[in-house]
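Residue numbers (my numbering): 4 to 367.
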C-alpha cells in the first residue's frame, strides 16, 4: 500500500523520470539520514499531511515502537524493511522526538540511530562485493556528510585510507595506545584503517550530526498522528518521570552519554572512563557502585576496573584524589554533549545543583 501511494504521487506529478538514485535502495534503507534519502522523499512529493492517511498508520506506529524500545531498553533496533519504509520510519521518528521535546530522549534516539548505522556501515565496508559500490558509500557517508576523504586502499585488502590531518582531528578523542599515530600504518600522508576503526573514527560526529538536524528542524506544523504518538509515549512514562521529561536529568549530558554507550555494550575511551568515575566519586557514589557501572564494557575486568577507580579515589598509588575534568577539557576531548541545561557551567559537578533546584521548585 505504501509503495503504491508513493508511486502514485510520483506519477501524479509527472516527475518520475527525473529521479536518480545512485546508491542502491538497500543502502538508503540502512542510511536514511543520507542526502540522497532526502532527495528520494522530495522526488516522491511526500508532505507531512500524508502521515494522517490510514495507509501510513503502520509507519507511524513502527517509529513509535522503535522509540519506546530505545527508552525502555536503551538499544537500537536493527531490523530492516524496504527502503521507503525505513526512510519514512526515520523521518517519523525524528518528528515524534521533536514533538516530545526532551533533551535526554533526543540524545538517546540520536545515539541509537548512529549505532544502528554504524553496525550496517562496518558490515558493508567488510562485505560489499563491488569496489565501486563501496567507494560510493564511503563518499556518501564520509565526504558528503562529514567532509572527510576516505578511500579503499589499493595497497592492502579490506583497509581504508584517511589523510593524516583528518585522522589527527578525530583520533585525539581516543586514548588507547593503538590510536597513537606512531602505532599506525602510515604511508604517503595517509593512515590505514580496518572497517571497524574507520567507522569508530566518526561515531561522535554522526550522533552530533543527527542532534543538530533535529535541533534545526522547524516544521510548519506537526501532524495530528505524530502528536498523538508523542503524547502516548509521554503517558507511558511514570508520572514523576513525565514531569521531568523536559527537566534536567539527574546526571549531566556528558555522563548520560557515557552511560548510554555502555548500556549498549560500547567501549568507552580512557578519558570518558576517567570522567565517569571521577564524577560518580564527586557525587558520593562508593567504589562498588562505580565498578558495577563498567560491567557492560566489552573489555570489562573487575580487578583492573576496581584498581583504576580506587586509584582515582586516592586510595592507591600517589594517594591523590582526582578531580572531575572541567567542561573545557571535556569539550577538547570530544566528550561534551551540552544542552541548554548546561548554560553557565564550568564543571559537570555543578549540574546536580541545577537539578536539585529544579526539583525543589517544580516537582512539589
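Backbone N, C-alpha and C define an ideal beta-carbon position, used for all residues, glycine too. Keep in mind the model is a prediction, meaning the values are calculated, not measured.
For residue i, which residues in the same chain have their Cβ closer than 7 Å to its Cβ, ignoring the five residues on either side in sequence?
i	result
residue 316	284, 290 and 324
residue 166	152, 192 and 193
residue 109	100, 214 and 217
Quick check: what's the CA-CA separation for residue i versus residue j?
i	j	result
residue 98	residue 204	28 Å
residue 340	residue 334	8 Å
residue 172	residue 56	46 Å
residue 71	residue 158	45 Å
residue 114	residue 321	37 Å
residue 344	residue 136	43 Å
residue 299	residue 269	8 Å
residue 378	residue 265	Missing from the structure shown is residue 378; the chain here goes from 4 to 367 and no further.
residue 28	residue 39	10 Å
residue 183	residue 199	16 Å
residue 309	residue 144	39 Å
residue 64	residue 232	8 Å
residue 50	residue 35	17 Å
residue 48	residue 215	25 Å
residue 92	residue 76	19 Å
residue 292	residue 235	34 Å
residue 44	residue 52	14 Å
residue 220	residue 123	26 Å
residue 314	residue 282	14 Å
residue 95	residue 253	28 Å
residue 318	residue 238	46 Å
residue 208	residue 54	30 Å
residue 226	residue 259	31 Å
residue 349	residue 150	31 Å
residue 120	residue 37	11 Å
residue 336	residue 146	23 Å
residue 262	residue 307	19 Å
residue 60	residue 211	30 Å
residue 305	residue 46	54 Å
residue 273	residue 134	35 Å
residue 139	residue 190	23 Å
residue 329	residue 58	51 Å
residue 332	residue 148	26 Å
Looking only at its chain, what residues have a beta carbon closer than 6 Å to the beta carbon of residue i, apart from the 5 residues adjacent to it on each side?
i	result
residue 443	Missing from the structure shown is residue 443; the chain here goes from 4 to 367 and no further.
residue 230	102
residue 243	Low per-residue confidence applies at residue 243: pLDDT is 38, beneath 50, and the placement is therefore not dependable, though the value from the model is reported in the following sentence. Contacts found: none.
residue 86	28, 31 and 32
residue 255	351 and 354
residue 106	342
residue 174	182
Let me confirm a value: residue i is counted as buried when at least 16 other C-beta atoms fall within 10 Å, else exposed. Which label applies?
i	result
residue 192	exposed
residue 19	Residue confidence for residue 19 is low, a pLDDT of 31 falling below 50, so the modelled location carries little weight; the figure read from the coordinates is stated next. Looking at its Cβ environment, which holds fewer than 16 other Cβ atoms inside 10 Å, residue 19 is exposed.
residue 90	buried
residue 81	exposed
residue 327	buried
residue 188	exposed
residue 347	exposed
residue 169	buried
residue 111	buried
residue 79	buried
residue 295	exposed
residue 223	exposed
residue 73	buried
residue 228	buried
residue 66	buried
residue 126	exposed
residue 26	buried
residue 83	exposed
residue 271	buried
residue 161	exposed
List the DSSP bridge partners of residue i.
i	result
residue 196	163
residue 189	194
Is any beta-carbon of chain C found at less than 8 Å from that of residue i?
i	result
residue 347	In the structure shown, chain C does not exist; there is a single protein chain.
Could you pull out every residue in the same chain whose Cβ sits closer than 8 Å to the Cβ of residue i, ignoring the five residues on either side in sequence?
i	result
residue 163	128, 141, 153, 154, 155, 156, 195, 196, 197, 198 and 201
residue 311	276 and 280
residue 303	297
residue 180	186
Segments of 4+ residues assigned as alpha helix (DSSP H) that fall wholly inside the region 258-314: 273-285 and 290-296
Secondary structure, alpha helix (DSSP H): runs of 4+ residues fully inside the region 143-176: Qualifying alpha helix (DSSP H) stretches, in chain order: 167-174.
Residue ranges of each alpha helix (DSSP H) within the region 323-356, 4 or longer: At a cut-off of 4 residues, the continuous stretches assigned as alpha helix (DSSP H) that sit fully inside the region 323-356 are 330-335.
Minimum length 4: unbroken alpha helix (DSSP H) runs contained in the region 104-131: 106-130
Complete runs of the alpha helix (DSSP H) confined to the region 199-239 [at least 4 residues]: 206-219 and 227-238
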